[in-house]
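> Using the numbering used here, you'd call the opening residue of the sequence shown number 41 and step up by one each time. The beta-carbon is built from N, C-alpha and C at its ideal position, and this holds for glycine as well.
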Amino acid sequence: MSGAVQPLRLHCIGCRVMARELRAAAAASPHSIRLEFLPMSLHAMDAPVRRRRIEQTIARAAAGPCDAILLGFGLCGYALEGLAAVSCRLVVPRVHDCIGLFFGGERRLDEYLRENPGTYFRTAGWLEDLRRPNDVRRFPGAKDTHVGLRYDEYAVRYGEDNARHLFEILGQPTRHYSRLAYVRTGTASDAPLERQAREEAERRAWSFETVEGDPSALGRFLAGDWREEEFLVVEPGHRIVATHDERVMDTVPDTGRG
41 MSGAVQPLRL HCIGCRVMAR ELRAAAAASP HSIRLEFLPM SLHAMDAPVR RRRIEQTIAR
101 AAAGPCDAIL LGFGLCGYAL EGLAAVSCRL VVPRVHDCIG LFFGGERRLD EYLRENPGTY
161 FRTAGWLEDL RRPNDVRRFP GAKDTHVGLR YDEYAVRYGE DNARHLFEIL GQPTRHYSRL
221 AYVRTGTASD APLERQAREE AERRAWSFET VEGDPSALGR FLAGDWREEE FLVVEPGHRI
281 VATHDERVMD TVPDTGRG
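So, in structure tokens, the structure goes:
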């Protein structure tokens, strides 16, 4: 019994775009995991609004029995920057967005993008759950002005990182992309979704490719194998800051509380 893994009580809050993949990883985990998914529509909101929604969800999770709260997000347009651990530690993947997780980590995604610049990604979850731009009007905090903006207008208003993120989520065509890659994760019947992605590429006159995803990082995430180079552990009394380097994010003392 001495070698047995002591099960942890984990609460994983993730974007619904990763629901299939997170469920598969949770099923293979030795720990007790509660999964909770936030809608993709949050991506249409400004970063402070998204951050408040995530903070509220974390507060509810921390009120119950929990050893750690796992955030199934990347930095995601800086929505996680400033997020603080109050009473329970947080664990966050060191990725800019969910595509890094589908690729098995930010390093593999960076290598792919260096060889294939201008790539726009689709996954099963994106194609199943992606909302049209006009739908953002239904949600408090969403900005109607997102609809119809050009890429350069997004960049001026929200910065390059946010512009890229919003365009990918809202599905706006842009001259900055020239190819589409469908990331196969093995958690869905890929054939019809892959065909849908291929048809989208054809409509936009882009080249198309199917890429094999790598579930290993998500597996380690839910298994509690939180390697420092892959995951950020935020202890109570600390908050998340963007590092603008290969670490993606780090923690600093949260001096604004207490």
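1) As a quick exercise: from 132, 140 and 286, pick the residue whose alpha carbon is nearest that of residue 252.
2) In whole angstroms, what is the alpha-carbon distance linking residue 92 and residue 242?
3) Do residue 249 and residue 228 have their C-beta atoms within less than 7 Å of each other?
4) Considering just the uninterrupted stretch of the alpha helix (DSSP H) at residue 93, what are its terminal residues?
5) Can you grab the Cα-Cα spacing for the pair residue 279 / residue 293, in whole Å?
6) If I follow the unbroken beta strand (DSSP E) through residue 248, where does it start and stop?
7) Considering just the uninterrupted stretch of the beta strand (DSSP E) at residue 72, what are its terminal residues?
8) Give the C-beta separation of residue 49 and residue 72 to the nearest angstrom, bearing in mind that I take them to be a contact with Cβ-Cβ under 8 Å.
9) According to DSSP, is residue 292 helix, strand or coil?
10) DSSP puts residue 112 in a beta bridge; with which residues?
11) Taking all protein chains shown into account, do 16 or more other C-beta atoms lie within 10 angstroms of the C-beta of residue 134, making it buried, or fewer, making it exposed?
12) Can you list, in chain order, the stretches of the beta strand (DSSP E) that have 3 or more residues and sit fully within the stretch 224-289?
13) Sort 150, 273, 261 and 169 by Cα distance to residue 285 and report the nearest one.
14) Spatial neighbours of residue 296 within its chain, please: C-beta separation below 7 Å, excluding the five flanking residues on both sides.
15) Residue 130 by DSSP, collapsed to three states: which one?
16) In whole angstroms, what is the alpha-carbon distance linking residue 68 and residue 155?
17) Please say whether residue 116 and residue 137 have beta carbons closer to each other than 7 Å?
18) With H, G and I counted as helix, E and B as strand and the rest as coil, what does DSSP make of residue 161?
19) Is the stretch 48-63 touching the stretch 74-81, taking contact as three or more C-beta pairs under 8 Å?
A quick look at the data gives this:
1) 140
2) 38 Å
3) no
4) 87-102
5) Between residue 279 and residue 293, the C-alpha separation is close to 6 Å.
6) Taken as a continuous stretch (DSSP letters only), the beta strand (DSSP E) holding residue 248 covers 247-252.
7) 72-78
8) 5 Å
9) The answer is strand: DSSP assigns residue 292 an E or B state.
10) 54
11) So residue 134 counts as buried.
12) 247-252, 271-274 and 278-282
13) 150
14) none
15) strand
16) Straight-line Cα distance between these residues: approximately 33 Å.
17) yes
18) strand
19) yes
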